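Quick note: the sequence shown uses this note's numbering, first residue 3, plus one each step.
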Amino acid sequence: MILSLVIGMAIAGAPALQEMCVALPKGATAAAAQAADKPWYISGDPIVVTKKSYSKYGLPRVLRKGDVAFFESYKGVAVYAEAGNPQREVVYVLTNLAHCEFQPYQIAP
3 MILSLVIGMA IAGAPALQEM CVALPKGATA AAAQAADKPW YISGDPIVVT KKSYSKYGLP
63 RVLRKGDVAF FESYKGVAVY AEAGNPQREV VYVLTNLAHC EFQPYQIAP
C-alpha cells in the first residue's frame, strides 16, 4: 500500500511524456534523424532530394504537429514537406526533435 502510494506520488510529479511533433522514418532513431550535428548541415551544404537540389533558406523555425509530413531522407536525416502540398518548393530538415525545430531548404536556383 505504501509503495503504491509512493509510486503514485512520483508519477503525479513527473513531467508528462512529450508527444513527438512529427513521425520519424521507419526504423530511424531520433538522434540519427536530426541534422544539427551533421557536417553537411553545419557547413551549409545544399541537399539533393528526389533529384532536386535544395539550399538553406532563412533560419530554423519551430513547427506545429501537422504542419509537415515525412517526405524523404537525406544521408539518414529526416526531410519533411508541407502536409498536402505536392509542389515541394520548400522542404524542412529536422534539426531538433525535442523542440520541433526545422531548417527550411528551398529549391536551388
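Where a beta carbon is used, it is the ideal one built from N, C-alpha and C, also for glycine. Note that the structure is a prediction, hence the values are computed from the model and not measured.
Where Ala83 is concerned, the enclosing beta strand (DSSP E) starts and stops at 79-84. With a beta-carbon spacing of about 11 Å, Phe104 and Val79 fall beyond the 8 Å limit used to define contacts. In this model, Glu84 and Ala37 are separated by some 18 Å (Cα to Cα).
For Ala34, the three-state secondary structure derived from DSSP is helix.
Leaving aside the five residues that flank Leu26 on each side, the residues in its chain whose CB is nearer than 7 Å to its CB run, in chain order, Ala32, Ala35, Ala80. Nearest in C-alpha terms to Met22, of all of Tyr56, His101, Gly46, Val95, is His101. Our two residues, Ala110 and Ser57, have alpha carbons roughly 5 Å apart in a direct line.
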